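A quick write-up on the structure given underneath.
2 protein chains.
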Amino acid sequence: MKKSLGARTLLMPTPVLLVGTYDESGRPNAMTVAWGGVVCSKPPSLSVSLRLNRYTYESLLKRKAFTVSILSEKHVAEADYFGMVSGRKVDKFHRTGLTPVRSEVVDAPYVEESPLVLECAFIKTVEIGVHTQIIGEILDVKADEEVLNEEGLPDASRVMPMIYIPECGLYYGFGKVIGKAYSAGKKYLD
Amino acid sequence: MKKSLGARTLLMPTPVLLVGTYDESGRPNAMTVAWGGVVCSKPPSLSVSLRLNRYTYESLLKRKAFTVSILSEKHVAEADYFGMVSGRKVDKFHRTGLTPVRSEVVDAPYVEESPLVLECAFIKTVEIGVHTQIIGEILDVKADEEVLNEEGLPDASRVMPMIYIPECGLYYGFGKVIGKAYSAGKKYLD
Chain A
8 MKKSLGARTL LMPTPVLLVG TYDESGRPNA MTVAWGGVVC SKPPSLSVSL
58 RLNRYTYESL LKRKAFTVSI LSEKHVAEAD YFGMVSGRKV DKFHRTGLTP
108 VRSEVVDAPY VEESPLVLEC AFIKTVEIGV HTQIIGEILD VKADEEVLNE
158 EGLPDASRVM PMIYIPECGL YYGFGKVIGK AYSAGKKYLD
Chain B
8 MKKSLGARTL LMPTPVLLVG TYDESGRPNA MTVAWGGVVC SKPPSLSVSL
58 RLNRYTYESL LKRKAFTVSI LSEKHVAEAD YFGMVSGRKV DKFHRTGLTP
108 VRSEVVDAPY VEESPLVLEC AFIKTVEIGV HTQIIGEILD VKADEEVLNE
158 EGLPDASRVM PMIYIPECGL YYGFGKVIGK AYSAGKKYLD
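These protein sequences, in sequence, are chains A and B.
Note that the first sequence covers residues 8 to 197 in my numbering.
Note that the second sequence covers residues 8 to 197 in my numbering.
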């Protein structure tokens, strides 16, 4: 018998995405977002949802560009801080010591210490409620050589990204590989 | 020095969401989706992206309802299988032995064996590319009593949801708690 918990955002996992933008004066900023993910394979696209009053929203819409940096679990304090305060009031990069790097692909900065970065061009906004969804096309992905596997793809066990659990407000690390796609389910094929 | 990997959907984590619908004849079906997540806090909403030719797309649009079941890692074979074949050709519930249960909230079935279920009303579609995004409002969340913590919220360590890593095609389990939100980052506050 399942218990009703009401209308709540109790989905898991949600990601920990640092959305990087330049503000009007060209100062780099980033904020942490858990409402987001991949939305399309072709063109490769992702979405992040922001409240309209966020500094990032203003900057992103003006520059039509943003990055998504995926930090490792060793940077949990920094990821959390980037979601706590507004770039209107404080230079979060300066405060934490993380390094903003200008993307060569889009007009936005990414986090140098992040082993995996997605560079995105703004496509459109989708109004939903208190959050507005921003859809961006992934123009390029950058990764540190050390996190790549034999096929040249980022290995999650080396990237060590974080997971966010909404409402509980907890960050988790990754566990072990439990199966391979289009393989684990083969036993049910005729 | 970061290496360029091209325009690819290399975001992590992505979720493993079983999208449940009834088809025209009332037969329960579900498919596994990794392109999705929370998109708004109020109204609580999520999105899943589907290709237009998916059987689930057709059913969902007709009934204006769907559920999202989050399976535990012990069901990795079932989750994978539900993403491999079409409900047009095969009864996936019958084949795997998973149990469809009629939601009392929306006109869609969820997976009984799933410890965490979100019941959604269709809000709108957003065209992006080969995938169309479906936005749904979360009307209720159901969870097994055994996975609830002291605050009555689903505990990820008990739900044991899966994580999907795109392009590598790997399923991961959850690891350990590495921090608390609005707490881990406090050391950077003035």
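Where a beta carbon is used, it is the ideal one built from N, C-alpha and C, also for glycine.
Note that the structure is predicted; figures quoted are calculated from it, not measured.
- Per DSSP, reduced to three states, the secondary structure at A/Asp147 is strand.
- For A/Phe100, the three-state secondary structure derived from DSSP is helix.
- Cβ neighbours of B/Leu53 within its own chain (closer than 7 Å, five residues either side excluded): Gly43, Gly44, Val45, Val46, Val75, Leu125, Cys127, Gly143 and Ile145.
- B/Asp114 and B/Asn36 have their alpha carbons spaced roughly 12 Å apart.
- Under the 8 Å criterion on CB atoms, A/His101 is classed as non-interfacial with respect to chain B.
- Nearest neighbour of A/Gly33 by Cα position, chosen from A/Leu67, A/Asn60, A/Val83 and A/Leu59, turns out to be A/Leu67.
- Residue pairing by DSSP puts B/Lys187 in a beta bridge opposite A/Leu177.
- Annotated three-state conformation of B/Glu126 is strand, per DSSP.
- Taking 7 Å as the cut-off between beta carbons, the residues of the segment 9-35 of chain A near chain B are Lys9, Lys10, Ser11, Leu12, Gly13, Ala14, Arg15, Thr16, Leu17, Leu18, Met19, Pro20, Thr21 and Pro22, in sequence order.
- The continuous stretches of beta strand (DSSP E) do not include B/Leu67, which lies in the alpha helix (DSSP H) extending over residues Tyr62 to Arg70.
- In its chain, beyond the 5 residues on either side, Pro173 have a beta carbon closer than 8 Å to the beta carbon of A/Leu18.
- Rounded to whole angstroms, the Cβ separation of B/Val118 and B/Leu78 is 7 Å, and the two are in contact under 8 Å.
- Apart from sequence neighbours up to five positions away, the residues of its chain that approach A/Pro20 with a beta-carbon distance below 6 Å are Ile170, ordered along the chain.
- For B/Lys49, the chain A residues whose Cβ falls inside 7 Å of its Cβ are Gly136 and Val137, in order along the chain.
- Against chain A, the CB of B/Ser52 has a partner CB under 8 Å away; the residue lies at that interface.
- Beta-bridge annotation (DSSP): A/His138 is paired with A/Arg58.
- Beta-bridge analysis with DSSP links B/Phe73 to B/Cys127.
- In chain A, no part has a C-beta under 8 Å from the C-beta of B/Lys71; the shortest such distance is about 17 Å.
- Interface flag for A/Leu78 against chain B is unset, since no Cβ pair is found closer than 8 Å.
- Chain B places no beta carbon closer than 8 Å to that of A/Ala128, leaving this residue out of the contacts.
- Listed in chain order, the positions of the segment 167-178 of chain A with a beta carbon within less than 8 Å of a beta carbon of chain B are Pro168, Met169, Ile170, Tyr171, Ile172, Pro173, Glu174, Cys175, Gly176, Leu177 and Tyr178.
- Here A/Met38 is bridged, per DSSP, to A/Val26.
- Taking C-alpha positions only, B/Thr132 is separated from B/Gln140 by approximately 5 Å.
- With fewer than 16 other beta carbons inside 10 angstroms of its own, A/Lys81 counts as exposed.
- B/Asp147 and B/Pro161 have their C-alpha atoms spaced approximately 14 Å apart.
- Annotation for A/Val118: the continuous beta strand (DSSP E) segment containing it runs Pro116 to Val118.
- Secondary structure at B/Lys194: helix, using DSSP grouped into helix, strand and coil.
- Relative to B/Glu65, the option among B/Ala41, B/Phe89, B/Lys49 and B/Ser93 whose CA is nearest is B/Ser93.
- Taking 8 Å as the upper bound for CB-CB distance, A/Lys10 and B/Glu152 are in contact here, some 6 Å apart.
- A/Glu85 has its alpha-carbon roughly 46 Å from the corresponding atom of B/Asp30.
- Here the alpha carbons of A/Pro168 and A/Pro22 stand approximately 8 Å from one another.
- For B/Val83, the uninterrupted alpha helix (DSSP H) segment begins and ends at Val83 to Tyr88.
- For A/Met8, same chain residues with a beta-carbon under 6 Å away, outside a window of 5 residues either side, do not exist.
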